[in-house]
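Report on one structure; see the data block that follows.
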Amino acid sequence: KNEVEQSPQNLTAQEGEFITINCSYSVGISALHWLQQHPGGGIVSLFMLSSGKKKHGRLIATINIQEKHSSLHITASHPRDSAVYICAVRPGNQFYFGTGTSLTVIP
Amino acid sequence: KAGVTQTPRYLIKTRGQQVTLSCSPISGHRSVSWYQQTPGQGLQFLFEYFSETQRNKGNFPGRFSGRQFSNSRSEMNVSTLELGDSALYLCASSLHLTSGGANEQFFGPGTRLTVL
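Chains as they are written, first to last, in this note's numbering: chain A, 1118 to 1224; chain B, 75 to 190.
Below you can see the structure in the form of structure tokens.
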């Protein structure tokens, strides 16, 4: 049983396309995190959100706590957005991670 | 401010050996968490330290242990290494304890451990 499910697992897009990555979770949480991992391993925290929507540059994250669902959107995608995107939740003392969405943006 | 640093970046060990990995958090951060990432299992939470005390622990065997020093630097140790311990080990720091997940974490570059 996976507490966090992400879709799609893999995504290929043309430069400039609008991209959506989805995350569903089955546990009660106070916040959800979106992480970005580039080849080579380094992880960057993109968003931490507990309600509504947050925007940073071309990235937008939304969450619906009642429906236990979050989406990460990338507008005007660029090859440098190619990375693995991971959502994570922490109910209580455990961290649960999605398996990640591998995004490739083709010029 | 300098980011989270981890040493060493790469490590090769043989089965049965033990290994110690080090993590220096961002200055002023008091919480350090450790994660294991493998192709098969993805990211998994190992443990979290705050004020030199282990506060939370994931589902890993006792061969995995850690500690935190008074300057918030942390080490994790894996004893009696197994082939399956080959992984990227990441640490992350945050200002406060991450209970409830409502504190932003800053990740280090990771230590890639290969067990032969």
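Backbone N, C-alpha and C define an ideal beta-carbon position, used for all residues, glycine too.
So which residues on chain B does residue i lean against when the C-beta distance must stay under 9 Å?
| i | result |
| --- | --- |
| A:ILE1203 | GLY116, LEU117 |
| A:GLN1153 | Neighbours of A:GLN1153 on chain B: none; closest Cβ ~10 Å, over 9 Å. |
How about residue i: is its C-beta nearer than 9 Å to some C-beta of chain D?
| i | result |
| --- | --- |
| B:ALA76 | Structure shown: chain D not included; protein chains present are A and B. |
Anything in chain A within Cβ reach of residue i, meaning under 7 Å, just list it in chain order.
| i | result |
| --- | --- |
| B:PHE180 | SER1162 |
Comparing the C-beta of residue i with each C-beta of chain B, is any distance below 9 Å?
| i | result |
| --- | --- |
| A:LEU1189 | no |
| A:PHE1135 | no |
| A:GLN1183 | no |
| A:GLN1211 | yes |
Assign residue i to buried or exposed, taking buried as 16 or more other Cβ atoms, counted over all protein chains shown, within 10 Å of its Cβ.
| i | result |
| --- | --- |
| B:ALA76 | exposed |
| B:ASN130 | buried |
| B:PRO99 | buried |
| A:VAL1161 | exposed |
| A:PHE1135 | exposed |
| B:GLN115 | exposed |
Would you say residue i lies against chain A (beta-carbon separation less than 9 Å)?
| i | result |
| --- | --- |
| B:TYR123 | no |
| B:GLY132 | yes |
| B:ARG104 | no |
| B:SER107 | yes |
| B:ARG129 | yes |
Give the interface partners of residue i over in chain B, defined as CB-CB distance under 8 Å, in chain order.
| i | result |
| --- | --- |
| A:GLY1158 | GLN111, LEU162, LEU164, PRO183, GLY184, ARG186 |
| A:ALA1216 | Note that residue 1216 of chain A is Thr in the sequence shown here, rather than Ala. Within chain B, the residues near A:THR1216 are GLY116. |
By DSSP, does residue i sit in helix, in strand, or in coil?
| i | result |
| --- | --- |
| B:GLY158 | helix |
| A:ARG1197 | helix |
| A:LYS1171 | strand |
| B:LEU190 | coil |
| A:SER1141 | strand |
| B:PHE61 | Within the shown structure, residues of chain B are numbered from 75 to 190, placing residue 61 of chain B beyond reach of any answer. |
| B:THR88 | coil |
| A:ALA1148 | coil |
Could you list which residues in chain B have their beta carbon closer than 7 Å to that of residue i, in chain order?
| i | result |
| --- | --- |
| A:ASN1139 | Ordered by position in chain B, no residue passes the 7 Å Cβ test against A:ASN1139, which lies about 17 Å from the chain. |
Name the DSSP bridge partner or partners of residue i?
| i | result |
| --- | --- |
| B:SER168 | B:SER105 |
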